[in-house]
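The numbering used here puts the first residue of the sequence shown at 7, with every later residue one more than the last. Cβ coordinates follow ideal geometry from the N, Cα and C atoms, glycine included. Treat the numbers as computed from the prediction; the structure is a model and nothing was measured. Report on the structure given below.
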Amino acid sequence: MLEMLVNNKALANQTCPNDSAAMPLKEVTFTGGTVGATSIYTPSATYAPANAFHEGSVNGWYSGRNANGNGDLALPWYNFPTAFVPGLVSFRPGQNLCSQTGWCGPTKYQYIGTNDDVCNEFSAWRVLCEDLSGNGFEKRISSKYCLVQDHTRESFKCLGVTVLDSSYTGYSCVSMNGIAMR
Numbered sequence: 007m008l009e010m011l012v013n014n015k016a017l018a019n020q021t022c023p024n025d026s027a028a029m030p031l032k033e034v035t036f037t038g039g040t041v042g043a044t045s046i047y048t049p050s051a052t053y054a055p056a057n058a059f060h061e062g063s064v065n066g067w068y069s070g071r072n073a074n075g076n077g078d079l080a081l082p083w084y085n086f087p088t089a090f091v092p093g094l095v096s097f098r099p100g101q102n103l104c105s106q107t108g109w110c111g112p113t114k115y116q117y118i119g120t121n122d123d124v125c126n127e128f129s130a131w132r133v134l135c136e137d138l139s140g141n142g143f144e145k146r147i148s149s150k151y152c153l154v155q156d157h158t159r160e161s162f163k164c165l166g167v168t169v170l171d172s173s174y175t176g177y178s179c180v181s182m183n184g185i186a187m188r
């Protein structure tokens, strides 16, 4: 089961890389909330948005079309039952469908949060951190991560990853697997 980490006072004296003060973290599971996405590869459950949040999913989530299977938006999110202060997001590319360099994973993305009553693509999202490097995944099992800086740390109920670009060269498509939030 995929786990998430949130504030924990017991870890308050640890330090983190890249000049951000340490944020204490505590494990929490991805349960009791709802998964959504602006884009799916197919209406089939094989590449559904929920697969992005399962650590051991062989398929992962694949975008490239809208919620009905056409279009090109890419934003998976998880709406939690209660708000918490996020500190980090990490993920891998999908593990099954794409064999291109970078495995169709995100090359540019933003980790975002909202407290709107309705969590969807039209919510007022706040950017918590981002990677605009354009770098692809070096290996299928590699992970990317984004650390939330002190000045953007606050509680959010709904969190997501908006994909700005991917390594897939055919059309607008991205694959993600094993999203973890800490």
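#### Entry: 8 angstroms Cβ cutoff met for Thr113 and Gly93
In the sequence shown, the residue the question calls residue 113 occupies position 107. In the sequence shown, the residue the question calls residue 93 occupies position 87. Not closer than 8 angstroms, so no.
### Message
Rounded to the nearest angstrom, what separates Ser148 and Val124 at their Cα positions?
### Response
Locating residue 148 in the sequence shown gives position 142, counting from the first residue. Locating residue 124 in the sequence shown gives position 118, counting from the first residue. Ser148 and Val124: Cα-Cα distance of roughly 33 angstroms.
### Query
Where are the alpha helix (DSSP H) runs, 4 residues long or more, that stay fully inside the stretch 125–168, in chain order?
Considered as a whole, the stretch 125–168 harbours no complete run of any alpha helix (DSSP H) with no fewer than 4 residues.
### Message
Within a Cβ cutoff of 6 angstroms, which residues of the same chain sit near Lys163, ignoring the five residues on either side of it in sequence?
### Response
Looking up residue 163 in the sequence shown gives position 157. Contacts found: Phe86, Ala89 and Asn121.
#### Entry: For Ile118: DSSP bridge partner residues
Reading the sequence shown from its first residue, position 112 is the one you call residue 118. Looking at the DSSP assignment, Ile118 forms a beta bridge with Val133 and Gly166.
### For Trp67, the residue or residues it bridges with in DSSP
Indexing the sequence shown from 1 puts residue 67 at position 61. Paired residue(s): Met182.
### Query
Going by beta carbon distance, what residues of the same chain come within less than 6 angstroms of Arg98, once the five residues before and after it are set aside?
Taking the sequence shown and counting its residues from 1, one reaches residue 98 at position 92. Here the set comprises Ser149, Asn183 and Gly184.
### Query
Within the 8 angstroms Cβ cut-off, does Ile46 reach chain D?
Among the protein chains of the structure shown there is no chain D, as only one such chain exists.
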